[in-house]
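Asker: Note that the sequence shown covers residues 1 to 341 in the working numbering.
Even glycine gets a Cβ: it sits at the ideal position worked out from N, Cα and C.
For clarity, every value in this text was computed on a predicted model and none was experimentally measured.
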Amino acid sequence: MVSESRGLSVENLTVIYEPGAAPAVDAVSLDVVPGQIVALLGASGSGKSSLLRAVAGLVRPSSGAVRWDGADVGGVPVHRRGFGLMFQDGQLFPHRSVAGNIGYALNHLPRARRRARVAELLELVGLEGYGERAVSQISGGQAQRVALARSLAAEPRLLLLDEPLSSLDKALRSRLASDIRAMVTATGTTTVHVTHDQDEAFAVADLVGVMEDGRLVQLDAPAALWSHPADAGVVELLGQGPVLGSEQMEAWFGVTASGEAALAPGSLVAEGPASGSTGLEAEVVASRFARGSTELEVRLPDGRTAEAGADMEHRPGDRVRVSVRPDALVRLGTPSSHHGQ
Ligand code: ADP
Ligand code: MG
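Here it is, written out as C-alpha cells:
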C-alpha cells in the first residue's frame, strides 16, 4: 500500500518489548505534515520515548509502519532516515569546542563553508561568539542550545526531540520552549517533541498529542485540547480539576450540563459565611493567597476536593457557599463530539 501523504506518517504502530508484556506503544497512528511541530505529552511510562525511538529506527516495531512521504522506512537504518535526534542530556562531545560539536556532522563540507554554516547555526540558537568555548564552560541551557544546533546542522527532514528541556529548571524551560519553537519554525523543520510538561508542550507545538498507556488518546491544537479534553485521563494530566457527571452538576450546583465537565480553575466561586440558597454548601479544606487572589480548596459531597476562588480568606473547617460559573467549565469530549448536542 502506498500512501500519498507528505511528511511523517505513523500507521498503527505497536511496540512490544517482551513477549506477553503490555504494549509500550499500542496501535498509534499519527501524521505530521511538513513544517509542523507536534508535541507528544504524557505521564512517565506512557510510551512517548518508545514511539519516538520506533520512528527514529532505534526500536523495532512489532507491527505497523513508519512512512516518510508515503515510503515505508522500516528497512532503512537510523543514520539513513535523515532524521535528527536530541535527548534530555544533549550528550555533547566533552573534548570538542561548541563549534566542534555543532560542526561534527559537517565534515564533508570544505572548511570555509563549514565555518560559515556553524556561524549561521550559532546565530540561530542565540550563541554568537561562543564557538571557541569548551562545552564545560557553558550552562545547561546553553548546552541544550548547542545540542539543538548540532541536530539541525545536517538539515534533518524530521527532528525528534525527547524531553530536551527536562534537565533544566522550570523558568529556563519555559523560555527555551518558546525559543525551540522559534528556531525550528525559522528553519521550517518538521518536528516531534516529547515532553511530560504541558506548559512546554503548549509553548512548542502546533498540535499536542496525549499519550496514555501506549495509546494516542487525543491530538489537538493546544487551545482545543484545553477546552475539550477527550476523557478524564486527559483532564487529570492537564490538572483541570475533578470531573462531574451531569447528575452531580445538577444536584450539587443546580447547573444543567450535557455530559461530563471538569471543575477547571476559575469555574467555582465561594462566598461565605454559608448563607443563601443557591449553590453548594461546602467545607473549606485549605485556603491560600496566590497571585493577587484567594484560592480555597473545598470538599465536594463525594469527598473529592476542588478549587474555588473567593474574595476573602477562610480557615479550614469554615462553611462556604460554592457556585459554578458555567462558562469556565471544561466539557469533556473532542469538539466534534459536541456537534448535535
Ligand atoms: P515514556 O517515555 O512516556 O516515559 P517509555 O516509552 O520509556 O515511556 O516506556 C513505556 C513502557 O515501556 C514502560 O512501561 C517502560 O517500562 C517500558 N519500556 C521502555 N523501554 C523498555 C525496554 N528497553 N525494555 C523493556 N521495557 C521498556
Ligand atoms: Mg521517555
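Go ahead and pull the three-state DSSP assignment for Arg288.
Answerer: The residue labelled residue 288 in the question sits at position 288 within the sequence shown. The DSSP-derived three-state label of Arg288 is strand.
Asker: Would you call the segment 130 to 146 and the segment 63 to 75 in contact, with 3 or more CB pairs under 8 Å?
Answerer: no
Asker: Output the boundary residues of the beta strand (DSSP E) element that contains Leu207.
Answerer: What you label residue 207 is simply residue 207 of the sequence shown in a count that begins at 1. Element bounds for Leu207: 207 to 212.
Asker: In chain order, which beta strand (DSSP E) runs of at least 3 residues are fully inside the segment 33 to 93?
Answerer: 37 to 42, 63 to 68, 83 to 87
Asker: Taking the alpha carbon of Glu313 as the reference point, which residue from Thr305, Glu200, Asp302, Gly292 has its own alpha carbon closest?
Answerer: Here residue 313 corresponds to residue number 313 of the sequence shown, with the count starting at 1. Glu313 has its Cα closest to that of Gly292, out of Thr305, Glu200, Asp302, Gly292.
Asker: Quick check on Pro164: buried or exposed, where buried means 16 or more other Cβ atoms within 10 Å of its Cβ?
Answerer: By one-based count along the sequence shown, residue 164 stands at place 164. By the neighbour-count criterion, in which a residue is buried when 16 or more other Cβ atoms sit within 10 angstroms of its Cβ, Pro164 is buried.
Asker: Can you list, in chain order, the stretches of the beta strand (DSSP E) that have 3 or more residues and sit fully within the segment 166 to 220?
Answerer: 190 to 195, 207 to 212, 215 to 220
Asker: Answer with buried or exposed for Leu40, where buried requires no fewer than 16 other C-beta atoms within 10 angstroms of its C-beta.
Answerer: Against the sequence shown, residue 40 aligns to sequence position 40. Burial call: buried.
Asker: Please classify Val118: is it buried, with 16 or more other beta-carbons within 10 angstroms of its beta-carbon, or exposed?
Answerer: Start at 1 with the first residue of the sequence shown, and residue 118 comes out as number 118. Val118 should be labelled buried.
Asker: For Phe202, count neighbouring Cβ atoms within 10 angstroms of its own Cβ and tell me buried if that reaches 16, exposed if not.
Answerer: Start at 1 with the first residue of the sequence shown, and residue 202 comes out as number 202. Buried, since its Cβ has 16 or more Cβ neighbours within 10 Å.
Asker: Between Lys170 and ligand 1, is the CB less than 7 Å from at least one heavy atom?
Answerer: For the purposes of this step, residue 170 is identified with residue 170 of the sequence shown, where counting begins at 1. Not so, every heavy atom of ligand 1 lies at least 7 Å from the Cβ.
Asker: Confirm the yes/no value for this check: CB of Glu236, any heavy atom of ligand 2, distance under 7 Å.
Answerer: Translated into the one-based positions of the sequence shown, residue 236 becomes position 236. Glu236 Cβ: outside cutoff for every heavy atom of ligand 2.
Asker: How many whole angstroms separate the CB atoms of Thr322 and Leu280, which I take to be in contact at a CB cut-off of 8 Å?
Answerer: Translated into positions along the sequence shown, residue 322 becomes position 322. Translated into positions along the sequence shown, residue 280 becomes position 280. In the sequence on display, residue 322 carries Val and not Thr. At roughly 5 Å, the Cβ-Cβ gap stays under 8 Å, so Val322 and Leu280 are in contact.
Asker: So, helix, strand or coil for Asp162, using DSSP?
Answerer: Counted from its first residue, the sequence shown places residue 162 at position 162. The answer is strand: DSSP assigns Asp162 an E or B state.
Asker: Go ahead and label Val324 buried or exposed: buried means 16 or more other beta carbons lie within 10 angstroms of its beta carbon, across all protein chains shown.
Answerer: Start at 1 with the first residue of the sequence shown, and residue 324 comes out as number 324. Buried, by the Cβ-count rule.
Asker: At which residues does the beta strand (DSSP E) containing Arg319 begin and terminate?
Answerer: One-based indexing of the sequence shown puts residue 319 at position 319. First-last of the beta strand (DSSP E) with Arg319: 319 to 324.
Asker: Report the three-state DSSP secondary structure of Asp302 (helix, strand or coil).
Answerer: Along the sequence shown, read from residue 1 onward, the residue named residue 302 stands at position 302. Residue state, collapsed to three classes: coil.
Asker: Return the Cβ separation of Pro229 and Ala205 in integer angstroms, given the expectation that the two are a contact with Cβ distance under 8 Å.
Answerer: For the purposes of this step, residue 229 is identified with residue 229 of the sequence shown, where counting begins at 1. For the purposes of this step, residue 205 is identified with residue 205 of the sequence shown, where counting begins at 1. Between Ala205 and Pro229 the Cβ distance is about 16 Å, and since that is not below 8 Å, they are no contact.
Asker: Tell me which same chain residues have a C-beta within less than 7 Å of the C-beta of Gly35, skipping the five on either side of it?
Answerer: Translated into the one-based positions of the sequence shown, residue 35 becomes position 35. Excluding sequence neighbours, Gly35 sits near Gly188, Thr190.
Asker: Using CA atoms only, rank isn't needed, just tell me which of Ala154, Val320, Val298, Val38 is closest to Gln198.
Answerer: By one-based count along the sequence shown, residue 198 stands at place 198. For Gln198, the nearest C-alpha among the options comes from Val38.
Asker: Report the CB separation of Leu160 from Gly64 in whole angstroms; it is logged as a contact under 8 Å.
Answerer: Residue mapping note: residue 160 aligns to position 160 of the sequence shown, counting from 1. Residue mapping note: residue 64 aligns to position 64 of the sequence shown, counting from 1. Rounded, the Cβ-Cβ distance is 17 Å, inconsistent with contact.
Asker: Do you know offhand how far Thr305's Cα is from Gly266's?
Answerer: In the sequence shown, residue 305 corresponds to position 305, counting from 1. In the sequence shown, residue 266 corresponds to position 266, counting from 1. One C-alpha to the other measures close to 14 Å.
Asker: Whole angstroms are fine: how far does the CA of Val208 sit from the CA of Pro94?
Answerer: As a first step, residue 94 must be located in the sequence shown, where it is residue number 94. As a first step, residue 208 must be located in the sequence shown, where it is residue number 208. Roughly 34 Å between the two C-alpha positions.
Asker: Based on DSSP bridge pairs, tell me the residues matched to Thr14.
Answerer: On the sequence shown, position 14 is the one that residue 14 refers to. DSSP output for Thr14 lists Ser63 as bridge partner(s).
Asker: Check whether the Cβ of Glu18 lies closer than 8 Å to any Cβ atom in chain B.
Answerer: Considering every chain present, this structure includes no chain B. It has just one protein chain.
Asker: Whole angstroms are fine: how far does the CA of Arg331 sit from the CA of Glu212?
Answerer: Position 212 of the sequence shown, counting from 1, holds the residue named residue 212. Position 331 of the sequence shown, counting from 1, holds the residue named residue 331. Distance between the alpha carbons of Glu212 and Arg331: 20 Å.
Asker: Give a single yes or no on whether Glu307 has its beta carbon closer than 7 Å to a heavy atom of ligand 2.
Answerer: As a position in the sequence shown, residue 307 is number 307, starting the count at 1. No, since every heavy atom of ligand 2 falls outside the 7 Å radius drawn around the Cβ of Glu307.
Asker: Assuming Ile180 and Leu148 are in contact, meaning their beta carbons sit under 8 Å apart, how far apart are those beta carbons, in whole angstroms?
Answerer: On the sequence shown, residue 180 is found 180 positions in, with the first residue counted as 1. On the sequence shown, residue 148 is found 148 positions in, with the first residue counted as 1. 7 Å between Cβ atoms; contact.
Asker: How about Leu106 and Arg96: are their beta carbons less than 8 Å apart?
Answerer: What you label residue 106 is simply residue 106 of the sequence shown in a count that begins at 1. What you label residue 96 is simply residue 96 of the sequence shown in a count that begins at 1. Taking 8 Å as the Cβ cut-off, Leu106 and Arg96 do not qualify as a contacting pair.
Asker: May I ask you to report which of helix, strand or coil DSSP gives Asp327?
Answerer: As a working mapping, residue 327 is identified with position 327 in the sequence shown. The answer is helix: DSSP assigns Asp327 an H, G or I state.
Asker: For the beta strand (DSSP E) that contains Glu128, what are its first and last residues?
Answerer: Residue 128 sits at position 128 when you count from the first residue of the sequence shown. Counting along the chain, Glu128 falls outside any beta strand (DSSP E), and DSSP gives it neither H nor E.
Asker: Is Met183 near ligand 1 - that is, is its Cβ less than 7 Å away from at least one heavy atom of it?
Answerer: Counting from 1 along the sequence shown, the entry for residue 183 is found at position 183. Not so, every heavy atom of ligand 1 lies at least 7 Å from the Cβ.
Asker: Rounded to a whole number of angstroms, what is the C-alpha to C-alpha distance between Val285 and Arg299?
Answerer: As a position in the sequence shown, residue 285 is number 285, starting the count at 1. As a position in the sequence shown, residue 299 is number 299, starting the count at 1. A direct Cα-Cα distance of roughly 6 Å separates Val285 from Arg299.
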